[in-house]
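Okay, structure first, notes after.
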Amino acid sequence: LRGGESIFYFRVAPRYLIFIGHLLLGENDTLIALVWVSLGFAAALYLGARFADRYSGLQNCLVGIFVSFICLIFIGDQTIVAFGFFVSSEYPTWLTLFALSAYLLSPKPEHRTWPIALMAGLLASMVQFRPNSVFVALALLPLLLSRKVQRENSKLAALQISSAITTFLIIVALSLIHNLFYGANFVIFTPAPSSDNYYFRVEDLLSSDGVGAALARIWTQLASLMYWRLPNDPSQHPLPGRQP
């Protein structure tokens, strides 16, 4: 459970995913990679099938074929396949988005609690794979609840909403819980093994030269945490003397 570090830096969930893959399939990285890539293609086809199955008729069948075609082009790209082979953090995030999108295509409310809690958990897991997907997760959680909660039964609706939100918050907080327990540090997400990339004190903001400087400092730290890049960002260019 410690995951090799008292305080997690970089993206957390892939290390546990790789461990589970080795536990189930042995030290066969090629087989694990093939399983991941196959899941990616299956998720793309399933999403297209859900579009085609939403309504009857030739038009929706064509929509399903078109969606499948677009998704297969994306998931079959050489770079994307490489992400799958390396079990990089992006690939599980995309699979989760495909699965959740397919689930949300059905407007029928759920009469059970666990499917909504499970989907909320999967949505929160994206944040552990890619911290910069936190805003996507926060945007999709209300959509999940609005489409799937059973409004006709207020007691069931309250149970579904509370279960989904609780599951979501617990999974989002897993890195924080780990860092508090093993490292005794209040660190939610960290993009790199340097606290300067994500941490600043309130005193630093108060000592800044005006509101503009304080906002610029906050933006810099937030951009570092979320992996945002602006045009002509020096970090996107090769180092001097290096060939691209």
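Here the sequence shown stands for residues 1066 to 1309, where the numbers follow the numbering used here.
Using N, Cα and C, we set each Cβ at its ideal position, and we do this for glycine too.
Test: residue i CB closer than 8 angstroms to a CB of chain D
i	result
G1091	Given the protein chain composition of this structure (a single chain), no chain D is represented.
Opening and closing residue of the alpha helix (DSSP H) in which residue i lies
i	result
E1155	1155 to 1169
G1091	Here G1091 belongs to no alpha helix (DSSP H), and DSSP marks it neither H nor E.
G1122	From DSSP, G1122 is part of no alpha helix (DSSP H); its letter is neither H nor E.
F1233	1219 to 1237
R1212	1199 to 1213
G1149	1143 to 1150
Proximity of residue i and residue j at Cβ, strictly below 8 angstroms
i	j	result
A1117	V1128	yes
V1132	G1113	yes
V1192	A1204	no
L1090	I1097	yes
P1180	R1212	no
V1214	I1226	yes
S1198	T1158	yes
L1137	F1106	yes
P1079	S1154	yes
Straight-line gap, residue i to residue j (C-alpha atoms, nearest Å)
i	j	result
A1279	L1169	40 angstroms
I1135	A1108	12 angstroms
I1242	G1277	34 angstroms
F1194	A1185	15 angstroms
T1095	L1088	14 angstroms
V1100	N1093	11 angstroms
S1219	L1123	39 angstroms
D1274	P1174	53 angstroms
I1283	Y1156	30 angstroms
N1244	R1119	44 angstroms
P1196	I1235	15 angstroms
Residues near residue i by beta carbon distance below 8 angstroms, same chain, minus five either side
i	result
I1130	G1113, A1117
L1188	T1161, L1165, A1202, L1205, L1206, L1209, F1233
I1083	I1097, V1152
C1126	A1117
Own chain partners of residue i with C-beta closer than 6 angstroms, once the 5 adjacent residues on each side are dropped
i	result
A1311	The chain is shown from 1066 up to 1309; residue 1311 falls before or after that span and cannot be answered.
G1086	I1097
T1178	L1224, Q1225, S1228
Y1111	A1167
F1200	none
L1221	Q1215
Helix, strand or coil at residue i according to DSSP, with G and I counted as helix
i	result
T1178	coil
R1216	coil
V1077	coil
P1172	coil
R1195	coil
Contacts around residue i, its chain only, beta-carbon distance under 7 angstroms, and the 5 residues preceding and following it disregarded
i	result
V1146	V1102
H1176	Q1215
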